[in-house]
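The sequence shown begins at 46 in the working numbering and counts up by one. Using N, Cα and C, we set each Cβ at its ideal position, and we do this for glycine too. Here the structure is a predicted model, which is why all the values come from computation and not from measurement. Note sheet for the following structure.
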Amino acid sequence: MITETNAVTFRQNLGEMLNLVQYRHDSVLINKDGKPVAALIDARLFERIRRMQGKFDALSQRIEAGFSGISEADGVAEIEAAIAEDRKEQRKLTPR
Numbered sequence: 046m047i048t049e050t051n052a053v054t055f056r057q058n059l060g061e062m063l064n065l066v067q068y069r070h071d072s073v074l075i076n077k078d079g080k081p082v083a084a085l086i087d088a089r090l091f092e093r094i095r096r097m098q099g100k101f102d103a104l105s106q107r108i109e110a111g112f113s114g115i116s117e118a119d120g121v122a123e124i125e126a127a128i129a130e131d132r133k134e135q136r137k138l139t140p141r
């Protein structure tokens, strides 16, 4: 569950907010002037996000290196063609 609160209320109820995250594994979205500015999340979730970010960055670098010799438009066209082909194959495999 995600609880939304403003920064002042968050500061006034920090202990309660920490309990929500630690014991109920909820997340707290902190707003300032009506806009989200931060989130308090469970430490295990944070570690998972950090690992996923690292994997995403590595994959992005591999893709960038693989397409470095072609124009952006050609690269996007290749990616879109691959996606279309995959979706076509998935439709064949999905029973109706």
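Nearest-angstrom beta carbon gap, residue j and residue i [assumed within contact, 8 Å]
i	j	result
residue 65	residue 48	6 Å
Whether residue i touches residue j by CB criterion (8 Å)
i	j	result
residue 78	residue 46	no
residue 82	residue 50	no
residue 103	residue 75	no
residue 112	residue 99	no
Those residues which DSSP pairs with residue i across a bridge
i	result
residue 49	74
Discussion item. Pairs of beta-carbons, one from the segment 55-75 and one from the segment 84-92, closer than 8 Å: are there three or more?
Written reply: yes
Worksheet item: Taking the runs of the beta strand (DSSP E) that are 3 residues or longer, which of them lie wholly in the segment 55-107?
Response: 72-77 and 80-85
Practice prompt. Starting from the N-terminal side, write out each stretch of the alpha helix (DSSP H) that is 4 residues or longer and does not extend beyond the segment 102-140.
Written response: 117-138
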